[in-house]
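In the working numbering, the protein residues as written are 10 to 630.
Ideal Cβ placement from N, Cα and C applies to all residues, glycine included.
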């Protein structure tokens, strides 16, 4: 690009930016008169002169009312010289809008707003003070001139008057001129405020200067104590319900070389952890192949497979025949390729899962009915700490924020409960250490604890509120743990679990001498048990037992460079499980309140810009 072309491009860019930067209005003058009453109530009179360059309805004003430690300002006696309405009254801001929906204005406009602003009794020890943001950092346009006047009920010390201006935290007073008139009146001027700048005054007064001010009652300690008590009650209730209805009977099992009662791998996988995984489905392919119902061939690509039906499946096992027939209905001429499974097999597979689950109901139900009801009560007990924590965080203003805490808290608990329940359903089958299982149950709790600290920081929660949130997070973790273990297996479910664990014990720990005898009597013993090893997560351990043993080739598999090695078939099972999962899937398938500041300086000195009460901002609409 030549320099001339670059210059033309830059000029066009600037021409496009300038109109975008132009504003629809400006504020030429902002006048604030404050009459400080003896009871610390401020009677405020604001006059705002604006220029509308395009048709607008009017301006709006945002007045902060929420501060830390539950201190809330009360705004009353609101009057204006134009039609106005309070269009939003929330925890942290009172929002007033001037103008009418069906009226548009242009040119010079003047607005006057008067109100009483009661911040309550002074919270400082040893002195009283006025700490007030004359202009807040929430204004959306520049303010050319600000004139202010503050009248006190009696004389004040000029050496204890401090002004700051700038962004939040600034201690500069550049550009602010002021004087004391008649010993109790401050008059001053400041120019050219850009959006984001504050003008703050702090006047330190003698202790007892205010008389009869509204007392500020901080109920945080009360609700903190109530929250702790509620957490202890909820934990005690969860432990009691588990001990009464959910305590498991000892599991006793013995190694067995056969799967329980001739069950299919899909049934064993479901009964082991109360969940039907994709591998429970894919294991059936090896099961059917071992029974002579199909053969598996390696496709043109190394990781692709072709399945050919060799016979009809007459099984009466729940869902098995339906699954077999549905699988081969996806292909043509009794042959199924991976790409054939994407057309409707997913829905049929889900239906087969439902058929299997329906079979284990009634006298074959896997969970104890009383323990399920007890589990529901433990889950509901989590509402106690959740509700109390929500109230602790928002007792000064019960509103939308309270609802958010309630919803987030309960959803977080349900997520923890689901995680822990899934973990304990698989604990026996995964042969996991009790200590590892206990640690894993609290991973979601740790994440919730971290999030609670972040949320407390963003919402500027008080110390007791932060501690209460932390304790609630830990409590929810404990309750989710007991809720998960309260739901125990039925007598039937316990029986089949012990049979499965006995069979798992055989697959995992069978001794070599016994295995060699079994191979001598049945050369296909590895393949007979492979599908069950898959659903129990033992395909590699089962293959490792045949390392170095000469194996007969399976009659149901053929492929390129075929190697008759047990590890090849365990790898084949994992590979096909991954491919199957991809093949069957259907083809279509700000926190806090801006500008919320600490009310009251709690220290001597000049204070800082934006550190006082009120302020806020506004704009046009």
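When C-beta atoms of the stretch 236 to 255 are compared with those of the stretch 163 to 177, fewer than three pairs fall below 8 Å, so the two segments do not count as touching. Nearest neighbour of residue 589 by Cα position, chosen from 351, 70, 272, 130, turns out to be 351.
About 6 Å separates the beta carbon of residue 478 from that of residue 398, a gap short enough to meet the 8 Å contact definition.
Counted as a single uninterrupted DSSP element, the beta strand (DSSP E) harbouring residue 173 occupies residues 170 to 175. The beta-carbon distance between residue 167 and residue 189, rounded to whole angstroms, is 5 Å. This is short enough to meet the 8 Å contact definition.
Residue 404 carries a coil assignment under DSSP once its states are collapsed to helix, strand and coil.
The Cβ atoms of residue 140 and residue 194 lie no closer than 8 Å to each other. No residue range can be given for residue 260, since it is assigned to no alpha helix (DSSP H) and is classified by DSSP as neither H nor E. When Cβ pairs closer than 8 Å are counted between the two stretches, the stretch 53 to 64 is seen to touch the stretch 113 to 127, the count reaching three or more. By the Cβ rule, the stretch 339 to 351 does not count as touching the stretch 378 to 387, because fewer than three pairs are nearer than 8 Å. Under DSSP, residue 316 shares a beta bridge with 305, 345. In the DSSP assignment, the residues bridged to residue 39 are 57, 155. Relative to the Cα of residue 334, the nearest Cα in the group 114, 243, 276, 357 belongs to 357.
The residue among 565, 354, 628, 349 with its C-alpha nearest the C-alpha of residue 302 is 565.
Residue 237 and residue 480 have their C-alpha atoms spaced approximately 8 Å apart. Going by DSSP, residue 146 is part of no beta strand (DSSP E) at all; its letter is neither H nor E. For residue 215, the enclosing beta strand (DSSP E) has its first and last residue at 207 to 215.
Secondary structure of residue 46 (DSSP, three-state): coil.
If you keep only unbroken alpha helix (DSSP H) runs of at least 4 residues inside the stretch 470 to 530, you get 472 to 495, 500 to 518, 521 to 530.
In this chain, residue 201 is not harboured by any alpha helix (DSSP H); it is covered by the beta strand (DSSP E) spanning 194 to 202.
Between residue 144 and residue 416, the alpha-carbon positions lie close to 37 Å from each other. Within the model, the alpha-carbon separation for residue 288 versus residue 322 is close to 20 Å. With respect to the 8 Å criterion, residue 34 and residue 62 are classified as neighbours on the basis of their beta carbons.
In this structure, 115 is the residue among 87, 32, 115, 96 with its C-alpha nearest to the C-alpha of residue 66. Between the C-alpha atoms of residue 58 and residue 84 there is a straight-line separation of about 23 Å.
About 25 Å separates the CB atoms of residue 259 and residue 544; that is not less than 8 Å, and the two are not in contact. In the DSSP assignment, the residues bridged to residue 52 are 44, 125. In the three-state reduction of the DSSP assignment, residue 88 falls in the strand class. Here the alpha carbons of residue 463 and residue 484 stand approximately 18 Å from one another. Per DSSP, residue 388 is one residue of the alpha helix (DSSP H) stretching across 378 to 390.
When the five nearest sequence neighbours on each side are left out, the beta carbons in the same chain lying within less than 7 Å of the beta carbon of residue 473 are those of 229, 230, 233, in order along the chain. Residue 249: member of the alpha helix (DSSP H) spanning 229 to 250, first to last residue. Relative to residue 291, the option among 336, 280, 268 whose CA is nearest is 336. A distance of 8 Å or more separates the beta carbons of residue 402 and residue 276. Taking every protein chain shown into account, the CB of residue 207 has 16 or more other CB atoms within 10 angstroms, so this residue is buried. Between residue 521 and residue 395, the alpha-carbon positions lie close to 55 Å from each other.
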